[in-house]
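Peer 1:
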Amino acid sequence: MLENNREEIRIAHPDGTWAATHLAERLAGPESLSIGGQAVLQQCRFYVDDVDDGSGVVEKWRASRKGGVAVVLSEGYFPFGANVRFRQGARYAANHVRVTLDIAWPKGATVRRHFGIGSLILPGRWMRFYSVPPAAHWAEGVQPEWRDIPAPGEQPLMIAHWHRAPLALVFEREDGTAVEIGTGSDVWRWEHGLGQGPEQGSYKVSLEKDGLHLLREPLMCCAEFAPEARDYRFSWYVAWRPPGAAPAWDAPGPVVVDLDSPVPPASGAAALSLVADFAAVEWASTCRRVPSALAYVRGERTPHVCWHSSQVQSAARRLIRRLAAAAPSGHLDLHGVTPGLCWDPAHLDRHSDNGLAHWDINAILEFGEWARQQLGLGWHIRADAGPLACLPSLQGLFGPNGFETEA
Numbered sequence: 029m030l031e032n033n034r035e036e037i038r039i040a041h042p043d044g045t046w047a048a049t050h051l052a053e054r055l056a057g058p059e060s061l062s063i064g065g066q067a068v069l070q071q072c073r074f075y076v077d078d079v080d081d082g083s084g085v086v087e088k089w090r091a092s093r094k095g096g097v098a099v100v101l102s103e104g105y106f107p108f109g110a111n112v113r114f115r116q117g118a119r120y121a122a123n124h125v126r127v128t129l130d131i132a133w134p135k136g137a138t139v140r141r142h143f144g145i146g147s148l149i150l151p152g153r154w155m156r157f158y159s160v161p162p163a164a165h166w167a168e169g170v171q172p173e174w175r176d177i178p179a180p181g182e183q184p185l186m187i188a189h190w191h192r193a194p195l196a197l198v199f200e201r202e203d204g205t206a207v208e209i210g211t212g213s214d215v216w217r218w219e220h221g222l223g224q225g226p227e228q229g230s231y232k233v234s235l236e237k238d239g240l241h242l243l244r245e246p247l248m249c250c251a252e253f254a255p256e257a258r259d260y261r262f263s264w265y266v267a268w269r270p271p272g273a274a275p276a277w278d279a280p281g282p283v284v285v286d287l288d289s290p291v292p293p294a295s296g297a298a299a300l301s302l303v304a305d306f307a308a309v310e311w312a313s314t315c316r317r318v319p320s321a322l323a324y325v326r327g328e329r330t331p332h333v334c335w336h337s338s339q340v341q342s343a344a345r346r347l348i349r350r351l352a353a354a355a356p357s358g359h360l361d362l363h364g365v366t367p368g369l370c371w372d373p374a375h376l377d378r379h380s381d382n383g384l385a386h387w388d389i390n391a392i393l394e395f396g397e398w399a400r401q402q403l404g405l406g407w408h409i410r411a412d413a414g415p416l417a418c419l420p421s422l423q424g425l426f427g428p429n430g431f432e433t434e435a
């Protein structure tokens, strides 16, 4: 469901599990997200110092459906000083929203102290959180981990702090409800800090009486700073999981299908049941991940593929098109669809002598949305998420998008 009036846009999945709102008076959002009628996210903001998106002039504000996805677009500017301009797109599908924020930074505009994107509140009581560390830390061997969250006290308590953007944070309630806040694939942009460079950001999780407050600032400077006048882009996402156990995977014994081989026919009246393993493919070395900046300089790669590689995307999409042409329904088990770090700038159609830090979560989510749109609702699709299987974004991968274009 997609409802648009003069005051707010409301997006709700047709299965009734979640709903989100965006306000007409604000450039950012979502303003709220609820699961099963219970609020799990509120007051998503971006800001420059003490001016946030609620102080901006909203020039465009609309919602539409495209490719099975609900898109909320807002454009406007801050009517103060040099007039920083913004354009945000939020794309809802299955159990996640991907947010892209474009900023036209004018000459003479400065950041005195704080530049924040996607700061928000998670209301209520949360029991623990899972952190996928910043890219540089993960590359150095710091592993993702769960941490317990204490009960709130009389005073705010900072329970986590990083100077680089953590790749993903998953917050879990006692009933199993979970919300994931993640950095998009463009890690290098978040670490660039509008030109100040790495270690100049501030990412905090604070425990307060009303819930968890997430502060996400790509730039927190100690002296007034004037970024170069140009366009900047940042991407991030939110994913969620409702309470309750995941549905059982009830599929007959699968047949292995190669990426470029003919699809085997179904046996009798039984539906197709296939498994495709992207990790087992002999990919060209240029498709594989570069695990660090030093590895990029040395020419070292891992066995795992980067989903931002155009060759990987082309092969995966060829497979889905063949399956869509072969049958209207079936079971598909996908292995090797797991996000990870890479420093190869060629995967991003860019050049950098020292590589560019990215992780391929955006490419995987976009592929999942596209594959579901191609195959329709007759196919049951499961992805083996590997070591990051606790991420709601991967648990809901290939779920029904929910916003197919109405005839």
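Using my numbering, the letters of the sequence shown correspond one by one to residues 29 to 435.
Yeah, the Cβ is synthetic: ideal placement off N, Cα and C, and Gly gets one too.
#1: Out of A399, R217, F199, K232, point me to the one whose CA is closest to P226's CA.
#2: Would DSSP call H359 helix, strand or coil?
#3: With the cut-off set at 9 Å, would you say V291 and D361 are in Cβ contact?
#4: Taking the Cβ atom as the reference point for each residue, do G57 and Q116 lie within a distance shorter than 9 Å?
#5: Is there contact between the region 397 to 409 and the region 372 to 382, where contact requires at least three CB pairs shorter than 8 Å?
#6: Going by DSSP, which residues form a beta bridge with Y260?
#7: Put L384 into one of helix, strand or coil per three-state DSSP.
#8: Under 8 Å, with one C-beta from each stretch per pair, do the region 383 to 403 and the region 339 to 356 reach the 3-pair mark?
#9: Taking C-alpha atoms, which residue in H332, V285, H241 lies nearest to P184?
#10: In whole angstroms, give me the CA-to-CA distance for R141 and D77.
#11: With distances taken from CA atoms, which of L300, R317, S301 is nearest A307?
#12: Could you tell me if Q171 is buried or exposed, where buried requires 16 or more neighbouring beta carbons within 10 angstroms of its beta carbon?
#13: Hey, how far is the Cα of A40 from the Cα of A121?
#14: Are there 16 or more other CB atoms within 10 angstroms of the CB of G96, so buried, or fewer, so exposed?
#15: Three-state secondary structure (DSSP) at G430?
#16: In this structure, how does DSSP classify D81 when only helix, strand and coil are distinguished?
#17: Please return the same chain residues whose Cβ sits closer than 6 Å to the Cβ of D203, not counting the five positions on each side in sequence.
#18: Starting from the N-terminal side, write out each stretch of the alpha helix (DSSP H) that is 4 residues or longer and does not extend beyond the region 171 to 234.
#19: Could you tell me which whole beta strand (DSSP E) segments of length 3 or greater appear in the region 31 to 90?
#20: From R261 to I131, what does the alpha carbon distance come to, in whole angstroms?
#21: Check this for me: beta carbons of A267 and P420, under 9 Å apart or not?
#22: In chain order, what residues of the same chain lie with their CB nearer than 7 Å to the CB of L55, ignoring the 5 residues before and after it?
#23: Would you tell me roughly how many angstroms separate the C-alpha atoms of L382 and R326, rounded to the nearest one?
#24: Once you ignore the five residues that flank N111 on each side, which residues in its own chain have a CB closer than 7 Å to its CB?
#25: Pick from R329, L425, H336: whose alpha carbon is nearest that of H363?
#26: Look up F253 in the DSSP assignment and give the residues it is bridged to.
#27: Does DSSP put P161 in a helix, in a strand, or in coil?
#28: Who are the Cβ neighbours of L61 in its own chain at under 6 Å, not counting the five residues just before and after it?
#29: When you compare the region 409 to 423 with the region 228 to 248, are there three or more beta-carbon pairs, one atom per stretch, that lie closer than 8 Å?
#30: Candidates G181, E219, A399, E182: which alpha carbon is nearest R192's?
#31: Quick one: give me the first and last residue of the alpha helix (DSSP H) that S338 is part of.
#32: Give me whichever residues DSSP pairs with H241 in a beta bridge.
#33: H336: buried (16+ other C-beta within 10 angstroms of its C-beta) or exposed?
#34: So W264 and G396 are in contact, right, with Cβ under 8 Å, and what is the actual spacing, rounded?
#35: Could you tell me which residues DSSP pairs with C370 in its beta bridges?
#36: When the Cα atoms are used, what is the spatial distance from D305 to R345?
Peer 2: In brief:
#1: For P226, the closest C-alpha among the options A399, R217, F199, K232 is that of R217.
#2: In the displayed model, H359 falls within a strand according to three-state DSSP.
#3: V291 is not a Cβ neighbour of D361, given a cutoff of 9 Å.
#4: Yes, the pair counts as a contact, with Cβ atoms nearer than the cut-off.
#5: Taking a contact to require three or more Cβ pairs closer than 8 Å, the region 397 to 409 and the region 372 to 382 do not qualify as touching.
#6: Partner(s): I131.
#7: DSSP places L384 outside both helix and strand once states are collapsed to three, so it counts as coil.
#8: Contact between the region 383 to 403 and the region 339 to 356 is present, because at least three Cβ pairs lie under 8 Å.
#9: The shortest Cα separation from P184 among H332, V285, H241 belongs to H241.
#10: Distance between the alpha carbons of R141 and D77 is about 6 Å.
#11: It is R317.
#12: Looking at its Cβ environment, which holds fewer than 16 other Cβ atoms inside 10 Å, Q171 is exposed.
#13: Between the alpha carbons of A40 and A121 lies a distance of about 10 Å.
#14: Looking at its Cβ environment, which holds 16 or more other Cβ atoms inside 10 Å, G96 is buried.
#15: The DSSP-derived three-state label of G430 is coil.
#16: In this structure, D81 counts as helix in the three-state DSSP scheme.
#17: Around D203: P271.
#18: List check, alpha helix (DSSP H) in window: 215 to 220.
#19: Every beta strand (DSSP E) of 3 residues or more that sits fully in the region 31 to 90 is shown, in chain order, as 36 to 40, 46 to 51, 60 to 63, 66 to 76.
#20: Straight across, the Cα-Cα distance linking R261 with I131 is about 6 Å.
#21: It is a contact, given that the beta carbons lie within the stated cut-off.
#22: Cβ neighbours of L55 beyond the five flanking positions: D81, G84, V86, S102, G104, F114, Q116.
#23: Note on residue identity: the sequence assigns Asn, not Leu, to residue 382. Looking at the two C-alpha atoms, the distance is approximately 10 Å.
#24: Y105, P134.
#25: Cα-wise, what sits closest to H363 is L425.
#26: Here F253 is bridged, per DSSP, to V139.
#27: In this structure, P161 counts as strand in the three-state DSSP scheme.
#28: So the qualifying residues of the chain are A48, V68, L69.
#29: At 8 Å Cβ cutoff, the stretches do not touch.
#30: If we check each option's Cα against that of R192, E219 comes out closest.
#31: DSSP places S338 in the uninterrupted alpha helix (DSSP H) bounded by 338 to 354.
#32: Per DSSP, I149, S234.
#33: It counts as buried.
#34: About 17 Å separates the two Cβ atoms, so there is no contact after all.
#35: As DSSP reads the structure, C370 sits in a beta bridge with H386.
#36: Whole-angstrom Cα-Cα distance: 14 Å.
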